[in-house]
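Enquirer: Going by numbering that gives the first Met the number 0, the sequence shown opens with residue 0, and the numbers climb by one from there. We treat Cβ as the ideally placed atom computed from N, Cα and C, and that holds for glycine. Just so we're clear, the structure is a prediction, and the values are computed from it rather than from any experiment. Take this structure, written in structure tokens, and hold onto it; I'll ask about it next.
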Amino acid sequence: MTWSFSPGILFAFARSAGSTYVPGAVLPLSAAAPDTGTSSARPATIAATTELPPLRPQVVLSREPPLGPLPQSVLPRAPSPYVCVSIQVLPVLAPSRGGSAVEIRRTLGAARPVYVPRKWERGRNSPERGIIGAVARLPLVRAPIPLQAEILAARAVGGLSRLAGAGGGTTLPGKLLWKLDPSAVDRLAARLPRGSALVSATNGKTTTAALAAAILGPRTRLAHNASGANLVSGVASTLLADRDAELGLFEVDEGALPEVARRVRPKALCLGNLFRDQLDRYGELELVAERWREAVRRLPPETAVVVNGDDPQVGDLASGRPGALVFGVDDPRHAHPSLQHAADSKYCLRCGTPYEYAAAYVGHLGDYRCPRCGHARPPLDLAARAIELDGLEGASFDLSAPAGTTRVRIAVPGLYNVYNALAAASLTIALGASLDEVRLGLERAGAAFGRFERIAIGDRRLLVLLIKNPAGANEAIRTLVADGGPRLAVVALNDATADGKDVSWIWDVDFEPLLAGLERVVAAGDRAAELALRFAYAGFDRGAIEVLPALEEALDRGLELTPPGGEFVVLPTYTAMLGLRKIVAGRGFTRPYWERAA
Numbered sequence: 000m001t002w003s004f005s006p007g008i009l010f011a012f013a014r015s016a017g018s019t020y021v022p023g024a025v026l027p028l029s030a031a032a033p034d035t036g037t038s039s040a041r042p043a044t045i046a047a048t049t050e051l052p053p054l055r056p057q058v059v060l061s062r063e064p065p066l067g068p069l070p071q072s073v074l075p076r077a078p079s080p081y082v083c084v085s086i087q088v089l090p091v092l093a094p095s096r097g098g099s100a101v102e103i104r105r106t107l108g109a110a111r112p113v114y115v116p117r118k119w120e121r122g123r124n125s126p127e128r129g130i131i132g133a134v135a136r137l138p139l140v141r142a143p144i145p146l147q148a149e150i151l152a153a154r155a156v157g158g159l160s161r162l163a164g165a166g167g168g169t170t171l172p173g174k175l176l177w178k179l180d181p182s183a184v185d186r187l188a189a190r191l192p193r194g195s196a197l198v199s200a201t202n203g204k205t206t207t208a209a210l211a212a213a214i215l216g217p218r219t220r221l222a223h224n225a226s227g228a229n230l231v232s233g234v235a236s237t238l239l240a241d242r243d244a245e246l247g248l249f250e251v252d253e254g255a256l257p258e259v260a261r262r263v264r265p266k267a268l269c270l271g272n273l274f275r276d277q278l279d280r281y282g283e284l285e286l287v288a289e290r291w292r293e294a295v296r297r298l299p300p301e302t303a304v305v306v307n308g309d310d311p312q313v314g315d316l317a318s319g320r321p322g323a324l325v326f327g328v329d330d331p332r333h334a335h336p337s338l339q340h341a342a343d344s345k346y347c348l349r350c351g352t353p354y355e356y357a358a359a360y361v362g363h364l365g366d367y368r369c370p371r372c373g374h375a376r377p378p379l380d381l382a383a384r385a386i387e388l389d390g391l392e393g394a395s396f397d398l399s400a401p402a403g404t405t406r407v408r409i410a411v412p413g414l415y416n417v418y419n420a421l422a423a424a425s426l427t428i429a430l431g432a433s434l435d436e437v438r439l440g441l442e443r444a445g446a447a448f449g450r451f452e453r454i455a456i457g458d459r460r461l462l463v464l465l466i467k468n469p470a471g472a473n474e475a476i477r478t479l480v481a482d483g484g485p486r487l488a489v490v491a492l493n494d495a496t497a498d499g500k501d502v503s504w505i506w507d508v509d510f511e512p513l514l515a516g517l518e519r520v521v522a523a524g525d526r527a528a529e530l531a532l533r534f535a536y537a538g539f540d541r542g543a544i545e546v547l548p549a550l551e552e553a554l555d556r557g558l559e560l561t562p563p564g565g566e567f568v569v570l571p572t573y574t575a576m577l578g579l580r581k582i583v584a585g586r587g588f589t590r591p592y593w594e595r596a597a
């Protein structure tokens, strides 16, 4: 007899003493189906012999990864006024009677099993016979479903997810609506009386959108995805939740921007910066820049485009866009002595010659010029001048705009938050805000969750600074060191999809200035061992490095090492930050991020 299984790896369980089953050896695919080098679908089979002990098979399904670097939720989908309802029933039968098979495919010379559907066998025991077969042959039913019914279903799913503790309903309702009818997102966005504004950047989009919300909030009712759910599903969930909103203000993932812009048809678009981030997901920087360029080209002429002129890739988007607003920093006192080694856009977009920088502020952001062809930073419409950085307490600067100049104070520290405030000011001015409204809004705004966020835990404080790529991490460290630097730090590195599977970027982060002032560092997260190795190579005392992968243990250790009234710093990647906030919220010291956002 033979067994036919669904794909992948077949695990055998050998019977040991009594009736207990214990894991046995993994059966290689070659034992199940020889690799012939062809792509013909063949079921993996294992011949049973009388000598083998009884086997207890377990199926492990294996699906092919998506072909593109972007998640499926950001890819274009054709709208349809119908929902396909299938009333087909697939019977659950013995493995030897059909269901699935394994096809051997070769990728870069390596054979791998791929799940493929398998035709049902015909004959006396075929599922095509009888009632099951009759039902299975029924066609799909295409039934139009009103938009209101889709909205009610999606909102109900969001409520259930909150009740079940599976999240705050910030993405799941939008995912369901997107699956039911992609065009529903377009129709919901079209209901906003004042349209929508989008904010996208590699670093700072959450803070920029939060600052813009503080400016626009007093003058209009906003639909704002403050929780950071910035894919199409997150935008859709926000549209579902904020029923009486007048203006949509959405931060948007870099990869999702083209699709979101196509759906919501924004009144204004703010593009902050492009840095290397999650290369396994986005691809190289130039690919994202090209997608942005195409998205901007497709916008209607009446859409206001706001760009950071200090970024060569982003500033170039204003060249073919009459009326585009360009912002940037103009204060050489805060420039680096030279271009940082982790800078990305170093070469001229026109001729490939290395740029020369009169001032390099953050990564490759600055006042650049090509010595060969003359491609340079465009003239600035809005600029931050006379910048004063006040350690971890905030910053102030002169905001120069076409309508005049005003002094602005922000509560979030660091030069890169000056960029974020400048971006928010430029976007809101494009939407009609006055300089006074901008100044007042920026001054009353606080930090977005996880971005220089302070959380009181008993008689101690936790300072959370999100890090996710070399440019952002270097600026967080630069801000910490400028304030004297901490004595204790917990650094948490995860490698989930939202963080990026490739964590080699930590070797481009300048941890050395931070480590120089530390007495102890705790490495946490799924990749804590890699962090500890990075710190060791930086010359930090190995006896002062603690490796605690569990986030709760790392948090408790940080609290234990912090004296009463003290503060310790946590530098987490995105999912580690969410995990830490969940732990702290579970202890009652803060609210879940979606409640805080609301």
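Helix, strand or coil for Arg261, going by three-state DSSP, please let me know.
Expert: Helix, per DSSP.
Enquirer: How would you write the range of the beta strand (DSSP E) that Phe588 sits in, first residue to last?
Expert: Run containing Phe588: none; DSSP gives neither H nor E here.
Enquirer: In whole angstroms, what is the alpha-carbon distance linking Pro412 and Ala213?
Expert: 17 Å
Enquirer: Classify Pro571 as helix, strand or coil using the three-state DSSP reduction.
Expert: strand
Enquirer: Under 8 Å Cβ to Cβ from Thr49, same chain only, skipping five residues before and after it: list those, please.
Expert: Because Thr49 sits at a pLDDT of 37, beneath the cut-off of 50, its placement in the model cannot be relied upon, and the following sentence gives the value as read from the coordinates. If we look at Thr49 and ignore the five residues flanking it on each side, it has no Cβ neighbours.
Enquirer: Within 10 Å of its beta-carbon, does Asp501 have 16 or more other beta-carbons around it, so buried, or fewer, so exposed?
Expert: exposed
Enquirer: The alpha helix (DSSP H) that contains Gly516, what's its start and end?
Expert: Where Gly516 is concerned, there is no enclosing alpha helix (DSSP H), given that its DSSP letter is neither H nor E.
Enquirer: Could I get the ranges of all uninterrupted beta strand (DSSP E) runs contained in the stretch 311 to 383, with 3 residues as the minimum, in chain order?
Expert: Within the stretch 311 to 383, the complete beta strand (DSSP E) segments at least 3 residues long are 324 to 328, 355 to 361 and 364 to 368, listed from N- to C-terminus.
Enquirer: With contact counted as at least three CB pairs below 8 Å, one residue from each stretch, are the stretch 285 to 296 and the stretch 406 to 420 in contact?
Expert: The stretch 285 to 296 makes no contact with the stretch 406 to 420; the number of CB pairs closer than 8 Å stays below 3.
Enquirer: With a floor of 3 residues, list each beta strand (DSSP E) that falls wholly inside the stretch 217 to 245, ordered by position along the chain.
Expert: 221 to 223
Enquirer: I'd like the list of long-range same chain contacts for Asp315, defined as Cβ closer than 7 Å, with 5 residues on each side in sequence excluded.
Expert: Leu348
Enquirer: Can you give me the C-alpha to C-alpha distance between Leu637 and Ala317, rounded to a whole angstrom?
Expert: The question about residue 637 has no answer here: the residues shown for the chain are numbered 0 through 597.
Enquirer: Let me confirm a value: Pro172 is counted as buried when at least 16 other C-beta atoms fall within 10 Å, else exposed. Which label applies?
Expert: Flag for Pro172 reads buried.
Enquirer: Report the CB separation of Leu421 from Ala383 in whole angstroms; it is logged as a contact under 8 Å.
Expert: That pair is a contact at about 5 Å.
Enquirer: For the alpha helix (DSSP H) holding Val546, just list the boundary residues, first then last.
Expert: It is not in any alpha helix (DSSP H) - Val546 instead sits in the beta strand (DSSP E) that spans Ile544 to Val546.
Enquirer: Assess contact between the stretch 531 to 545 and the stretch 465 to 477, defined as three or more Cβ pairs (one per stretch) separated by less than 8 Å. Is contact present?
Expert: no
Enquirer: Given Arg450, which residues of its chain have a CB within under 6 Å of its CB, disregarding the five upstream and five downstream residues?
Expert: Thr206 and Leu465
Enquirer: Who does Asn307 pair with in a DSSP beta bridge?
Expert: Asn307 pairs with Phe326.
Enquirer: For Ala531, does the three-state DSSP call read helix, strand or coil?
Expert: In the three-state scheme derived from DSSP, where H, G and I count as helix and E and B as strand, Ala531 is classed as helix.
Enquirer: Got a sec, what are the start and stop residues for the alpha helix (DSSP H) Ala288 sits in?
Expert: Run containing Ala288: Leu284 to Arg297, per the alpha helix (DSSP H) assignment.
Enquirer: Under three-state DSSP, which class holds Gly471?
Expert: Judged by DSSP in its simplified three-state form, Gly471 adopts helix.
Enquirer: Below 6 Å CB to CB, which residues in the same chain sit around Leu197 once its five sequence neighbours on both sides are set aside?
Expert: Here the set comprises Phe249, Val251, Pro265 and Leu268.
Enquirer: For Thr427, count the other beta carbons within 10 Å of its own beta carbon; 16 or more makes it buried, fewer makes it exposed. Which is it?
Expert: buried
Enquirer: Return the residue from the list Leu286, Val304, Leu364 and Gly308 that minimises the CA-CA distance to Gly471.
Expert: Among Leu286, Val304, Leu364 and Gly308, the Cα nearest to that of Gly471 is on Leu364.
Enquirer: For a test of the three-state rule: what should DSSP assign to Glu552, helix, strand or coil?
Expert: helix
Enquirer: How should Cys83 be labelled, buried or exposed, when 16 other C-beta atoms within 10 angstroms of its C-beta is the threshold for buried?
Expert: In this prediction, Cys83 scores a pLDDT of 43, lower than 50, which makes its location untrustworthy; no coordinate-derived value is stated.
Enquirer: Taking the Cβ atom as the reference point for each residue, do Leu514 and Ala531 lie within a distance shorter than 7 Å?
Expert: no
Enquirer: Could you round the C-beta distance between Ala516 and Gly484 to whole angstroms and report it? I think they count as a contact, below 8 Å.
Expert: It is Gly, not Ala, that sits at residue 516 in the sequence shown. A Cβ-Cβ separation of about 3 Å places Gly516 in contact with Gly484 under the 8 Å criterion.
Enquirer: What are the boundary residues of the beta strand (DSSP E) that Ser433 is part of?
Expert: It is not in any beta strand (DSSP E) - Ser433 carries neither H nor E in the DSSP assignment.
Enquirer: Just to confirm my understanding: we take His335, look at its own chain, exclude 5 residues before and 5 after, and list those with CB closer than 6 Å. What are they?
Expert: Ala359
Enquirer: Return the CA-CA distance between Lys581 and Phe326, expressed in angstroms with no decimal places.
Expert: 37 Å
Enquirer: Just reading off the alpha helix (DSSP H) that Gly207 is part of, what are its end residues?
Expert: Here residue 207 is Thr; the residue named in the question, Gly, does not match the sequence. Per DSSP, Thr207 belongs to the alpha helix (DSSP H) from Lys204 to Leu215.
Enquirer: Going by C-alpha distance, which of Leu176, Thr574 and Val490 is nearest Ala528?
Expert: Val490
Enquirer: When you compare only the Cα positions, how much space is there between Trp506 and Asn202?
Expert: 19 Å
Enquirer: Which whole runs of the beta strand (DSSP E) in the stretch 455 to 506 are 3 residues long or more, in chain order?
Expert: With a minimum length of 3 residues, the continuous beta strand (DSSP E) runs that stay inside the stretch 455 to 506 are 459 to 464 and 487 to 491.
Enquirer: Where does Arg376 land, buried or exposed, given buried means 16+ other C-beta within 10 angstroms?
Expert: The residue in question, Arg376, is buried, as its Cβ has 16 or more Cβ neighbours within 10 Å.
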